Amino acid sequence: MKKLIVLLTTMLIFALVSGIGAAKEIPVNATNSIQAAINNAASGDVIIVKPGIYTENIRITKPDLVIRSESGNPEDTIVKANSNTSVFSMSAVNTTISGFKIESAETGIYMANCINCTVTNNYLSENKVGITLFGSNYNEISENRVNSNRQHGIQILYSEGNKLLNNSVNWNDRGINHLYSNKSVISGNNVSNNMN
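For what it's worth, my numbering labels the leading residue of the sequence shown as -14, then goes sequentially.
Here it is, written out as structure tokens:
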């Protein structure tokens, strides 16, 4: 009888532990909202956005999310701002944005007080500013195309320890703006044909 109780208790604990915190994939298609998926997500979830055109302003404050296009091709998963603000506005920890074309915004991706976030394989074009990091530390901005934005391609302000790696930053008014920031690693970027 004791062995049965121990066995049942062990099985119950295992079932509870395996169900708690289990990451799930949340699909989004062009008739759904990326923001609604984020609102319904839990830490560790992966939000997979199907090809299409999405018009919304997306706020990310939850930690440990991955928000990515299904195809991995920014040209077929386009996110535009709903008004003259940011497409993605982040204040998060350990969150990833990957595989989107981001356009028609004040700032394509605005990161404030972000820690250990990753922005990779995106195409940011026709915004006022492509990517801004403000008061954000130890993030990685890599493998993005940041082209034809009206002001800065990428700007880093009051931040520490960020990595800008292998980005293409071309045809913006200004390429990479790095002010009041330190311990940044800026390497392998193609920065050309910017006006300033």
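In this text, a Cβ means the ideal position worked out from N, Cα and C, and glycines have one as well.
Source: prediction; values computed, not measured.
- DSSP lists Ile33 and Ser83 as the bridge partner or partners of Arg53.
- Spanning the alpha carbons of Lys35 and Val170 requires a straight line of approximately 33 Å.
- Only exposed fits Gly173, as fewer than 16 other CB atoms lie within 10 angstroms of its CB.
- Excluding five sequence positions before and after Val104, the CB atoms of its chain that fall closer than 8 Å to its own CB belong to Thr81, Ile82, Ser83, Ile94, Met96, Ile116, Asn124, Glu125, Ile126, Ser127 and Asn129, given in chain order.
- In the structure shown, the three-state DSSP call for Glu60 is helix.
- With a cutoff of 9 Å on beta-carbon distance, Ala90 and Ser121 are scored as not near each other.
- Here DSSP, grouped into helix, strand and coil, assigns Gln136 to coil.
- Pairing Asn152 with Gly57, the inter-Cα distance amounts to about 16 Å.
- Exposure of Ala7 is indicated by the presence of fewer than 16 other C-beta atoms within 10 angstroms of its C-beta.
- Residue state for Asn147 is assigned as coil, using DSSP reduced to three classes.
- Note that the C-beta distance between Leu109 and Ile141 is not below 9 Å.
- Cα atoms of Ser144 and Cys102: separation of roughly 13 Å, rounded to the nearest angstrom.
- Between the alpha carbons of Arg53 and Asn181 lies a distance of about 32 Å.
- Bounds of the beta strand (DSSP E) holding Ala97 are Thr92 to Ala97.
- Using a Cβ distance threshold of 9 Å, Ile23 and Lys47 count as a contacting pair.
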